Amino acid sequence: MNGESKKLSGFTSRLLHHPYTAPAGFSAFPEAIHHASTVLFDSVAAMRARSWQDKSAYTYGLHGTPTSFTLEARLAAIEGGQHCLLAPSGLAAIMLVDMALLSSGDDVLIPDNVYGPNRELALWLSQSFGISVRFYPPLIGADIAGLIQENTKLIWTEAPGSVSMEVPDIPAICAAADARGVLVALDNTWSGGIAFQAFQHGVDISMQALTKYQSGGSDVLMGALITRDKDLNQRLQMAHMRLGMGVGMDDVYLILRNLPTLKLRFEAHDRSATEIARWLSARPEIHKVLHPALPDCPGHDIWKRDFTGAGGLFSVLFNPAFSEAQTDCFVESLHLFKIGFSWGGAHSLCVPYRIRQMRSQWEEQGNLVRFNIGLEETEDLIADIEQALGKMKKTG
Ligand SMILES: *Cc1c(COP(=O)(O)O)cnc(C)c1O
97 MNGESKKLSG
107 FTSRLLHHPY
117 TAPAGFSAFP
127 EAIHHASTVL
137 FDSVAAMRAR
147 SWQDKSAYTY
157 GLHGTPTSFT
167 LEARLAAIEG
177 GQHCLLAPSG
187 LAAIMLVDMA
197 LLSSGDDVLI
207 PDNVYGPNRE
217 LALWLSQSFG
227 ISVRFYPPLI
237 GADIAGLIQE
247 NTKLIWTEAP
257 GSVSMEVPDI
267 PAICAAADAR
277 GVLVALDNTW
287 SGGIAFQAFQ
297 HGVDISMQAL
307 TKYQSGGSDV
317 LMGALITRDK
327 DLNQRLQMAH
337 MRLGMGVGMD
347 DVYLILRNLP
357 TLKLRFEAHD
367 RSATEIARWL
377 SARPEIHKVL
387 HPALPDCPGH
397 DIWKRDFTGA
407 GGLFSVLFNP
417 AFSEAQTDCF
427 VESLHLFKIG
437 FSWGGAHSLC
447 VPYRIRQMRS
457 QWEEQGNLVR
467 FNIGLEETED
477 LIADIEQALG
487 KMKKTG
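Take 97 as the starting number for the sequence shown in our numbering and just add one per residue.
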């Protein structure tokens with residue numbers, strides 16, 4: 097058909113049907129960015145034969161191009177999974193799980209320390225969609241068996257929980273769920289899929305906010321659902337199609353570009369964060385350091401048993417003698433740590449949380465501040481924290 101363009105007289109027609117195609121055989125390390133809404137077929141028969149669910153071929157941009165298929169395959173490989181679906185954000189991936197697996201009349205169990213927007217979504221499902229939502233204490237372990245009902249279809253887990261960092265006993269929860277045929281989804285973002293092997297510990301769906309470590313650039317929003325079971329992946333895929341959760345290929349490329357350094361960055365965050373957490377645990381201004389690798393953190397023993405690392409995110413509880421105005425002053429006195437949500441990027445961040453308003457139960461004393469330890473040198477970060485603690489103490 098290319099040859100016909102010579103006969104075309106219209107400017108735009110000539111341009112659109114220009115016969116040049118670049119020579120084949122180009123080879124380089126970066127993945128090509130294949131943009132497409134429309135995907136072309138060689139014949140009507142080929143068009144009719146292709147299924148959007150079968151990722152051996154292409155049908156429509158919403159279901160992927162070679163660029164997104166490549167990222168999916170690599171993400172599945174990191175966690176020892178078989179299938180992967182991309183979503184436009186981590187929260188969108190969470191919603192996919194809920195929409196795919198829950199119907200009105202069903203029941204879902206969610207840890208009380210879950211990522212805030214996951215909780216918010218669950219409350220919406222409960223208020224507007226007839227789904228029963230119950231929050232369980234994060235350290236419940238095998239006792240979750242007592243909460244499972246006939247209509248329980250899904251148990252969410254998060255390891256460790258956002259902000260307050262309790263490490264749950266995932267194998268015990270999975271064993272109880274499995275005995276009753278209930279699926280377990282894990283928000284595995286904290287470990288980046290590196291420090292915790294979700295499937296070896298019995299999880300059915302590993303959810304990742306790629307926005308964090310996989311991106312590493314504080315620039316992209318994306319989520320992923322990784323599974324081993326084909327049927328389960330197909331249920332998620334149906335919801336993915338129905339909800340139209342496409343992702344942009346430029347964003348996919350940015351994640352592919354940073355994936356080779358994922359483990360190195362994670363380990364660098366981990367080394368620095370552990371050192372800073374230890375330093376903080378010896379400071380009189382700090383009541384408790386909620387870092388899974390430190391004994392003050394609830395579930396520390398489980399972390400030691402099940403995890404191989406910790407990454408850059410942890411929280412502290414200040415000595416209750418310090419007011420909120422003082423701990424806010426600490427946060428604002430930091431120079432290298434910026435105030436902002438998210439984590440997993442190169443820059444250090446710090447956020448104060450009003451934890452009592454976020455939880456149905458919270459017994460601890462002292463104001464909570466969460467750190468994302470970036471890639472700045474550890475001694476610079478410690479010096480920054482030290483001077484900010486000094487400024488805080490000078491304010492009444
Ligand atoms: C950031 C985050 C999410 C959501 O990811 P977004 O891409 O920001 O929607 C989900 N779970 C955890 C634990 C997160 O930290």
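Using N, Cα and C, we set each Cβ at its ideal position, and we do this for glycine too. None of the values given here were measured: they were computed from a predicted structure.
Only residues of its own chain outside the window of five on either side were considered, and among them N415 have a CB closer than 8 Å to the CB of P380, listed in chain order.
With fewer than 16 other Cβ atoms inside 10 Å of its own Cβ, G486 counts as exposed. Here the distance from the Cβ of E254 to the nearest heavy atom of ligand 1 is below 7 Å.
V280 sits buried, since 16 or more C-beta atoms from the chains shown fall within 10 Å of its C-beta.
T357 and E371 have their C-alpha atoms some 21 Å from each other. One Cα belongs to I266, the other to T404, and the distance between them is close to 15 Å.
Every beta strand (DSSP E) stretch that sits fully inside the segment 203 to 273 and reaches 3 residues is listed by chain position as 203 to 207, 228 to 232 and 248 to 254. Distances from the alpha-carbon of S438 to those of A141, F467, S456 and G242 put F467 closest. Taking 8 Å as the cut-off, the beta carbon of A294 is found no closer than this to the beta carbon of A272. Its chain contains T161, P162, T163 and M345 as the residues whose beta carbon lies nearer than 8 Å to that of H130, once the 5 sequence neighbours on both sides are disregarded; these appear in chain order. Between N284 and S302, the gap from beta carbon to beta carbon is short of 8 Å. According to DSSP, residue pairing for L182 in a beta bridge involves A320.
Between L390 and L464, the CB-CB gap reaches or exceeds 8 Å. According to the DSSP secondary-structure assignment, Q304 is paired through a beta bridge with A320. Placement of the Cβ of A268 at a distance of 7 Å or more from every heavy atom of ligand 1 is found.
Per DSSP, F362 is not a residue of any beta strand (DSSP E); the alpha helix (DSSP H) it occupies stretches across L358 to S377. Bounds of any alpha helix (DSSP H) do not take in S411; it lies within the beta strand (DSSP E) bounded by L409 to F414. Take the alpha-carbon of S123 and the one of T117: they are about 16 Å apart. Within 10 angstroms of the beta-carbon of Q453 lie fewer than 16 other beta-carbons, which makes it exposed. Relative to ligand 1, K151 has its C-beta separated by 7 Å or more from all heavy atoms. For Y449, the shortest separation between its Cβ and any heavy atom of ligand 1 does not lie below 7 Å. Here V210 is not near L221, since their CB atoms are 8 Å or more apart. If you compare the alpha carbons of M261, S260 and L250 with that of D274, the shortest gap goes to L250. Per DSSP, V465 lies in no alpha helix (DSSP H) segment; the continuous beta strand (DSSP E) that holds it begins and ends at L464 to N468.
The C-beta distance from L167 to L352 rounds to 5 Å, short enough to fall under 8 Å.
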